[in-house]
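Numbering-wise, the first sequence is residues 307 to 731 according to our numbering. Report on one structure; see the data block that follows.
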Amino acid sequence: MAKQQFQTVRGMYDLLPERRYIFNYVMDTFARAAQDAGYQQIETPLLEDEGLYVRSVGQGTDVVDKEMYVLEDRGGKRLVLRPEGTANVIRSYIEHGMGSLPQPVRLYYFADMFRYDRPQEGRYRQHKQMGAEVIGDGNPSTDAQLIMLLQRVYKRLCLPNLSLQINSIGDVNCRPKYKKALVEYLEANVKQLAEIDRERLAKNPLRVLDSKEPSTQIILADAPQTLNYLCEECQTHFAGVLEYLDDMGVSYELNHLLVRGLDYYSRTVFEFYGEREGAQASLGGGGRYDLLVEQLGGQPTPAVGFGAGIERVILELERAGVTPPEPRISRVYVASLGEPARLAAFRLIEQLLDGNVSATGAVDRDGIGAQLARADKLGVPYAVIIGQKEVKENTVLLRDMATGAQETLKDSEIVAELRRRFGIT
RNA sequence: GCGGGUGUAGCUCAGUUGGUUAGAGCGACUGGUUGUGGUCCAGUAGGCCGUGGGUUCAAGCCCCAUCACUCGCCCCA
């Protein structure tokens with residue numbers, strides 16, 4: 307064998323058939339739930355202006371500062387491989403005047419995200435997300451509906467024991483006051499802060515809240531909490547969200563340290579966690595971003611959305627021992643022996659496919675035994691065997707693979723007979 | 001970006017204090033059976049032992065570097 311020269315780029319992976327179908331299962335489940343709830347699918351380009359993400363996600367966030375794939379095109383334009391799903395959807399909303407559609411606009415998407423991070427299990431440089439956005443509705447019921455959409459998807463995927471954590475981080479009115487109080491508090495305790503958190507304090511103080519440093523966490527226990535600083539509007543909104551969730555019996559956990567890593571969020575933020583310990587526990591999350599549309603040049607428009615990692619959902623499925631339905635295999639294998647039979651088999655396969663019977667077969671030189679062995683490995687319920695004798699008599703042999711029983715049928719009747727047996731009308 | 005672990009056949013893994021032709025199971029292929037699969041039997045292919053350098057009479061094994069994977073941290077999904 308030739309020396310292997312190329313391999314997948316670091317942090318990226320080949321999705322082989324034996325695993326690809328699981329992704330399809332998750333994606334189909336999500337798509338159905340989203341469509342049922344009135345969401346329409348959108349797809350935006352992989353490449354966007356660098357400025358789009360810098361302005362929306364924000365400087366001082368890890369995603370922008372150290373994880374973006376930035377490249378220059380031949381015209382010298384700086385482009386970015388999509389690192390997250392919301393900014394581009396909002397760009398599209400504005401660019402195509404979706405503000406003049408009946409509001410709110412509900413969109414869902416599947417997209418590959420690129421982040422230049424150190425890979426490990428459940429974390430790749432190219433990973434797949436499914437997400438949804440509701441644009442043009444600021445009512446708390448929308449937040450609750452969106453959260454329940456994601457929860458419904460997890461539930462349909464048979465994922466038990468996911469925990470939902472939720473918080474409100476306020477808006478332009480109240481967040482500055484909170485930020486000020488937090489900074490004052492942290493500065494008063496700066497000696498006990500971990501080194502890295504002192505840097506965060508200077509750059510992006512809210513990020514100190516989800517610090518994992520033990521020394522910082524001690525300090526955080528008594529830190530000011532966002533919920534105590536919410537303005538009246540934000541308070542009412544958050545109370546509304548929780549009431550709707552309570553009404554539907556959704557259990558959640560208030561987490562006053564949850565702030566999420568992207569700057570555009572305001573008010574509601576939430577995240578679903580799996581049972582895994584450690585860093586890759588986050589399965590999906592999102593929040594409200596009422597300022598983003600305006601920030602990107604559109605009319606002031608409230609919006610809320612989430613993104614969920616498909617690889618992580620699948621890890622969680624494996625963990626929970628959930629096995630998705632196997633992809634459909636062919637139902638019929640057509641085996642042939644001898645030159646004239648091969649042509650008859652070739653024709654029969656096409657006739658079966660035209661008749662909506664999934665079929666495959668050998669149009670090669672193998673003996674009948676080898677062909678049946680292949681049929682067996684494919685797990686087809688029936689094989690059709692055509693040899694010299696059958697061609698001469700215009701018949702075929704229909705073999706039940708489970709019992710080994712065989713019967714002779716007229717070649718003109720085999721398609722109809724198989725359709726009947728499979729209940730295809 | 002930081003710290004630990006691991007790289008031997010397509011897959012899962014053995015491989016003794018460094019010793020001469022590197023093994024098993026599964027899988028693939030061929031034959032036993034030129035018109036009949038699963039079981040069984042026999043056989044074949046598939047390895048520069050991740051890559052490069054070093055130490056040694058001798059390296060899969062020791063040393064260095066590098067790449068990849070993996071675990072933890074940071075951060076996220």
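In this text, a Cβ means the ideal position worked out from N, Cα and C, and glycines have one as well.
What are the partner residues of residue i, as DSSP defines its beta bridges?
i, result
"A393", "According to DSSP, which records beta bridges pairwise, A393 is partnered with nothing at all."
"H433", "M419"
"F612", "A438 and G592"
"T335", "According to DSSP, T335 bridges with nothing at all."
"V376", "V386"
"Q677", "Paired residue(s): none; Q677 is not in a bridge."
"G403", "G403 pairs with nothing; no bridge assigned."
"V638", "A665 and Y688"
"I655", "I655 is not bridged to any residue."
Sorted by chain position, which residues of the same chain lie with C-beta nearer than 8 Å to residue i's C-beta, five sequence neighbours on each side aside?
i, result
"L452", "A438, V440, G592, V610, G611 and F612"
Expressed to the nearest angstrom, what Euclidean distance is found between the alpha-carbon atoms of residue i and residue j?
i, j, result
"Y570", "D596", "8 Å"
"G377", "R421", "Before going further, note that residue 377 is Leu rather than Gly in the sequence given. Each residue's Cα considered, the two are about 13 Å apart."
"P446", "A340", "19 Å"
"Y319", "Q694", "47 Å"
"A641", "G673", "9 Å"
"Y491", "L551", "32 Å"
"G546", "D449", "9 Å"
"Q346", "P608", "18 Å"
"R431", "R424", "8 Å"
"I692", "R326", "34 Å"
"H402", "V478", "27 Å"
"R504", "K518", "13 Å"
"L484", "Q523", "The question names Leu, but residue 484 is Tyr in the sequence shown. Cα to Cα, the separation comes out at about 18 Å."
"R634", "G675", "24 Å"
"K372", "K383", "19 Å"
"D553", "L358", "38 Å"
Once you ignore the five residues that flank residue i on each side, which residues in its own chain have a CB closer than 7 Å to its CB?
i, result
"E349", "Y415"
"C536", "The sequence shown places Leu at residue 536, not Cys. Same-chain partners within the cutoff: S474, G476, C480 and F544."
"T335", "V459, R462 and L463"
Can you list, in chain order, the residues of its chain whose CB lies under 6 Å from that of residue i, leaving out five sequence neighbours each side?
i, result
"I620", "I328"
"R338", "none"
"E696", "V702"
"G364", "D569"
"K309", "The predicted model places K309 with a pLDDT of 42, which falls under 50 and marks its position as unreliable, so this point remains unresolved."
If contacts are defined as beta-carbon pairs under 8 Å, then residue i and residue j qualify, I think. What distance do you get, rounded to the angstrom?
i, j, result
"T701", "K683", "Not a contact, Cβ separation roughly 26 Å."
"E622", "L465", "6 Å"
"V663", "V599", "Going by Cβ atoms, the distance from V663 to V599 rounds to 51 Å, so no, they are not a contact pair."
"V514", "R506", "5 Å"
"R388", "M419", "6 Å"
"L353", "L385", "5 Å"
"A665", "Q677", "Contact flag wrong, Cβ pair sits at about 13 Å."
"L407", "V395", "Not quite, the Cβ-Cβ distance comes to about 14 Å (not below 8 Å), so this is no contact."
"V360", "V369", "At roughly 10 Å, the Cβ-Cβ gap does not stay under 8 Å, so V360 and V369 are not in contact."
Please say whether residue j and residue i have beta carbons closer to each other than 9 Å?
i, j, result
"L463", "F576", "no"
"Q426", "A614", "no"
"G405", "G442", "yes"
"F578", "L724", "no"
"L563", "I400", "no"
"G317", "N510", "no"
"L526", "I472", "no"
"L512", "L488", "yes"
"R705", "A689", "yes"
"R637", "F728", "yes"
"L560", "L468", "no"
"V315", "I616", "no"
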